[in-house]
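Each residue of the sequence shown is one higher than the one before, counting from 7 in my numbering.
Beta carbons: idealized from backbone N, C-alpha and C, even for Gly.
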Amino acid sequence: MTAPLDAVIVGAGFAGMYMLHRLRGKGFTARVIEAGQGVGGTWYWNRYPGARCDVESVQYSYQFSPELEQEWEWTERYATQPEILKYANHVADRYDLRRDIQFGTRVTKAQFVEADNGWLVETDKGERIAARFLITAMGCLSSPNTPKIPGLAEFAGPTYHTGNWPHEGVDFTGKTVGVIGTGSSAIQSIPIIARQARHLTVFQRTANYTVPAHNRPLDPAYVREVKAGYREMRRRAKTMPAGIDLRINNVPAVEASEEERRRQYQERWDYGGLGFMASFNDLLLNDEANRTAADFVREKVRGIVKDPKTAEILTPTNIIGCKRLCVDSGYWETFNRPNVTLVDIRDEPIERITPTGARAKGQDYTFDCLVLATGFDAMTGALLKVDIRGRDGVSLRDAWSEGPKTYLGLTVAGFPNFFTITGPGSPSVLTNMLPSIEQHVDWIADCLEALREKGVAVIEPEPEAQEAWAVHNGSVANITLRSTCSSWYVGANIPGKPRVFMPYIGGLPAYIERCEAVVAKGYEGFTFV
Ligand code: NA7
């Protein structure tokens, strides 16, 4: 074994790459371990047709370097997966990151060794790497969920998961295709698969809300304007709950007239994107307010989808924005195509996958290829795949058996010198991931520097501080309607997963303020050795 590193970073997505860059800048030694053969994380794995970010490209980008901001050119309002991956590769080249990234390697185990005040990390290549700090940068949606549908292994044709798509792409021309799932990945890919395939059968368990993207090439004059005003835009974004610079209409829907509500919703529908949920400030706080927005979208489905029976199945019935709102390009219109069939499996799950297709509600559907757009074991899935053991050999899996508990979404009691970038208990998936990642990375890098200056070997959150943070998380989650439905935010998509609202819903500004206050009070809630 070689001399201990300062840090092992797990994952080379946007979080791991920036963590490496920051640690290097402060003179720490670090190695990134990455399962894929390249950088990009989410954007390395999710190569399904139509994959795009639903945050506008000029905002879904790093802000730590004004030079990087100025030299990179986004070409579309919502960047495609290939363009975002190109950006990740550009960053890796620009900052010469690859020499400290070990690709094609999975971390299998990590144990805190008390005698060394550090971690011993094991990989699937049989290596043992010692490091003072273990930093996970594994992404929140990186452990694909393959549901246990009987017969899945017997399907004779190829099966693809949207979250682990073949690098060479898939050509569905002339094929018949079955898609299971109607979440964001399905909503992005279905219109494109339908245009290629001879026939597409979509199996829908829950009808989803989606708003148009109105994606378009970016006008060079607009890009120049953004580049000239980047600092101000980033500053404004940090004052917004989701870390996205958008127009929030700070009045309650319940106090607006019917006419004003329609005007707001229609204007935002025509503009496109996630800003629809900012039409009013009570949409996720008040059932009645929520219903006004939900009804507006339900009316749209019925207007777009010509067959009334299909429209009825596609009409969402739950709370809008409770599951993450989707952003689409021609999703509902796709169901007007003669080569698309929608199968409603709301009341009865798919009975089984057969060698030639699927059997649902007593009927057989045949297809050549199967696409699982069935989402992820979100927020904790990737972390718990690694056998992480803290003090006294206690595993993270056992520590989180009743749901994840962290201090600030960054650290875990009983797991010294361990940091989770965008971990459960942080705003993460409820925000623009890039500014959230940067805030976490900067906090961790500054913390490591402070420990070095103080001559501290070990940092660990106090159990009481962690408990208080968990209670605070739960109480803010309970104020909103978001905690009320069976979404991946609460782990409901994974059978047996404890039901806990995992991301911090108090908003990015309040969260940043709290993180800064903790530091200002000498790392309040932490113990040092
Ligand atoms: P999602 O949003 O979790 O969607 C998964 C979809 O798969 C959803 O429609 C699920 O229905 C469906 N699903 C899952 N398991 C089954 C089974 N067993 N049978 C039928 N249908 C099933 O994942 P995505 O990849 O689309 O998007 C994840 C995030 O990425 C998204 O929120 C954005 O932030 C980007 P359900 O709704 O659970 O009834």
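The three-state reading of DSSP puts PRO197 in helix, counting H, G and I together.
Remark: the C-beta of GLY381 is in contact range of ligand 1, defined as less than 6 angstroms to any heavy atom. Here ILE326 carries a coil assignment [DSSP, helix/strand/coil].
According to the DSSP assignment, GLN369 belongs to the beta strand (DSSP E) that extends over 369–372. In the structure shown, ILE450 falls within a helical segment according to DSSP collapsed to helix, strand and coil. In this chain, the beta strand (DSSP E) harbouring GLU128 covers 124–129.
Its chain contains ALA388 as the residues whose beta carbon lies nearer than 6 angstroms to that of SER148, once the 5 sequence neighbours on both sides are disregarded; these appear in chain order. GLY409 is positioned such that its CB atom lies no closer than 7 angstroms to that of GLY431.
According to the DSSP assignment, ASP334 belongs to the beta strand (DSSP E) that extends over 332–334. Every unbroken stretch of the alpha helix (DSSP H) spanning 4 or more residues and falling wholly within the region 422–477 is given here in chain order: 439–460.
Look at ALA384 here: in three-state DSSP terms it is coil, with no helix or strand label. For THR428, the CB stays at least 6 angstroms from every heavy atom of ligand 1. Using a cutoff of 6 angstroms, the CB of PRO150 does not count as near ligand 1, since none of the ligand's heavy atoms is closer than that. With respect to the 7 angstroms criterion, THR362 and THR347 are not classified as neighbours on the basis of their beta carbons. Using a cutoff of 6 angstroms, the CB of THR188 counts as near ligand 1, since one of the ligand's heavy atoms is closer than that.
Between ARG274 and the set ARG237, LEU252, ASP448, VAL307, the nearest pair of CA atoms involves LEU252.
DSSP assignment within the region 128–197 yields the following whole beta strand (DSSP E) runs of 3 residues or more, N-terminal first: 134–142, 165–167, 182–186. In the three-state scheme derived from DSSP, where H, G and I count as helix and E and B as strand, GLN210 is classed as strand. ASN256 has its CB no nearer than 6 angstroms to any heavy atom of ligand 1.
By the CB criterion at 7 angstroms, PRO10 and ALA136 fall inside the cutoff. In this structure, ligand 1 has no non-hydrogen atom nearer than 6 angstroms to the beta-carbon of PRO218. The Cβ atoms of GLU468 and GLY513 lie no closer than 7 angstroms to each other.
In this structure, PHE20 is the residue among GLN65, LEU457, PHE20 with its C-alpha nearest to the C-alpha of LEU91.
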